[in-house]
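Colleague: Structure provided below as C-alpha cells; questions to follow.
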Amino acid sequence: TFFKGVETDLAELCIRSG
Amino acid sequence: DKAMLVREAFASPYGKALTAELGKSLRASADPACLTDKALTADQLEPRGRDIVITWGTRMLDGAFALIDRQTSDNPFASAAELESLKSSADVKRYLAMEAPMRQAKILDLIFEHFDRYNLISRVRLGAVSPLATGNEALLRLNPADATEEKLEEFAGKSRSKALKRFLQLSEQAGAAQAAS
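Quick mapping for you: the protein sequence lines, in order, are chains Z and S.
Residue numbers for the first sequence follow the numbering used here, beginning at 1 and rising by one.
Residue numbers for the second sequence follow the numbering used here, beginning at 19 and rising by one.
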C-alpha cells in the first residue's frame with residue numbers, strides 16, 4: 001500500500017482507473 | 019538520503035530502460051480524448067510518469083526504512099561501529115563502488131514491483147512495467163544484478179584485503195540480524 005493514492009497523479013496523465 | 023539513491027538508480031542504464039518501458043505503457047494506456055482535453059502530448063507522458071514514480075518510490079523507501087531503523091534501534095547490531103569504520107578502507111570502497119549497479123537494480127525492481135502490484139489491485143488501467151511481471155526478456159537482460167554479483171565474487175575471492183574480508187563477514191551478520199528483527 002506504499003502507492004496508495006498514486007492513481008490521482010496518474011489520472012493527471014490520463015490514466016484511468018476503476 | 020533515499021531521494022538521492024532513487025534519483026541515481028533512475029539515472030543508471032537499467033533505470034533508463036525501465037523508464038522507457040514506463041513511457042511505452044503510459045502512451046499505450048492514456049485516454050486519447052483526455053490527452054486532447056488537457057493539451058498533453060504523448061512525449062510528455064514519459065518524463066512526467068518518471069517523476070511520479072520517483073516521488074512515490076522515494077516515499078516507499080522512506081517508509082520501509084523507517085520501519086527497519088526502528089527495529090534495528092531496538093535490537094542494535096553489536097559490531098555496527100566496526101562495520102561502519104571498515105567503509106573507509108580503500109578495498110571496501112572499491113567493493114561498494116562495484117556493487118552500486120546491483121544496489122540500484124534492487125531499488126528499481128522493488129519500486130516497480132510495488133507500483134505494478136498496486137496498479138493491478140486498484141484497477142489502475144496501466145500496463146505493468148516490471149520485467150518479471152511482464153516476462154520481458156530484453157528488459158530482464160538489462161538488469162545488471164547477476165553480472166555485478168559475479169564480478170564482486172571474483173573481486174572478493176582474489177582480494178587479500180583483511181578489511182574487505184572482515185567487512186563481508188560483518189555485512190553478512192548484519193544482514194542476518196536485520197532479517198531476524
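Virtual Cβ for every residue (Gly too), placed ideally from N, Cα, C.
What would DSSP say about Ser17 (chain Z), mapped onto helix, strand or coil?
Modeller: Three-state DSSP puts Ser17 (chain Z) in a strand.
Colleague: With DSSP run on the structure shown, which of helix, strand or coil describes Val147 (chain S)?
Modeller: DSSP places Val147 (chain S) in coil when its eight states are reduced to three.
Colleague: When Cβ atoms are compared, which residues of the stretch 39-54 of chain S fall closer than 7 Å to chain A?
Modeller: Checking the listed chains, one finds no chain A in this structure; the protein chains it contains are Z and S.
Colleague: How long is the line joining the alpha carbons of Ala60 (chain S) and Tyr32 (chain S), rounded to whole angstroms?
Modeller: Their Cα atoms are separated by approximately 22 Å.
Colleague: Report yes or no: do the stretch 89-96 of chain S and the stretch 149-156 of chain S share at least 3 C-beta pairs separated by less than 8 Å?
Modeller: In short, these stretches do not touch, since the Cβ pair count stays below three.
Colleague: Can you give me the C-alpha to C-alpha distance between Phe185 (chain S) and Lys169 (chain S), rounded to a whole angstrom?
Modeller: Using only the alpha carbons, I get a separation of about 17 Å.
Colleague: For a contact defined as C-beta to C-beta under 7 Å, what are the partners of Leu63 (chain S) on chain Z?
Modeller: By Cβ distance, chain Z contributes Leu13.
Colleague: Do you know how far the Cα of Ala197 (chain S) is from the Cα of Pro149 (chain S)?
Modeller: Taking the straight line from one Cα to the other gives about 26 Å.
Colleague: Could you say if the stretch 157-168 of chain S and the stretch 177-193 of chain S meet the contact criterion of at least three C-beta pairs nearer than 8 Å?
Modeller: At 8 Å Cβ cutoff, the stretches do not touch.
Colleague: Can you tell me whether Gln89 (chain S) is buried or exposed, with buried defined as 16 or more other CB within 10 angstroms of its CB?
Modeller: By the 10 Å Cβ count, Gln89 (chain S) comes out exposed.
Colleague: Looking at the unbroken alpha helix (DSSP H) that takes in Ser189 (chain S), where does it start and where does it end?
Modeller: Segment Lys180 to Ala198, the alpha helix (DSSP H) holding Ser189 (chain S).
Colleague: Let's test the definition: count the other Cβ atoms within 10 Å of the Cβ of Gly67 (chain S) and tell me whether it reaches 16, buried, or not, exposed.
Modeller: Buried: at least 16 other Cβ atoms inside 10 Å.
Colleague: Is the separation between the beta-carbon of Ile15 (chain Z) and that of Ser140 (chain S) shorter than 8 Å?
Modeller: Their beta carbons are not under 8 Å apart, which means Ile15 (chain Z) does not touch Ser140 (chain S) by this criterion.
Colleague: For Gln62 (chain S) and Arg121 (chain S), I'd like the C-alpha separation in whole angstroms.
Modeller: Using only the alpha carbons, I get a separation of about 29 Å.
Colleague: Using a beta-carbon distance below 8 Å, is Arg88 (chain S) in contact with chain Z?
Modeller: Chain Z contact via Cβ: absent.
Colleague: Hey, does Lys56 (chain S) have any beta-carbon neighbour from chain Z nearer than 8 Å?
Modeller: By this cut-off, Lys56 (chain S) is an interface position.
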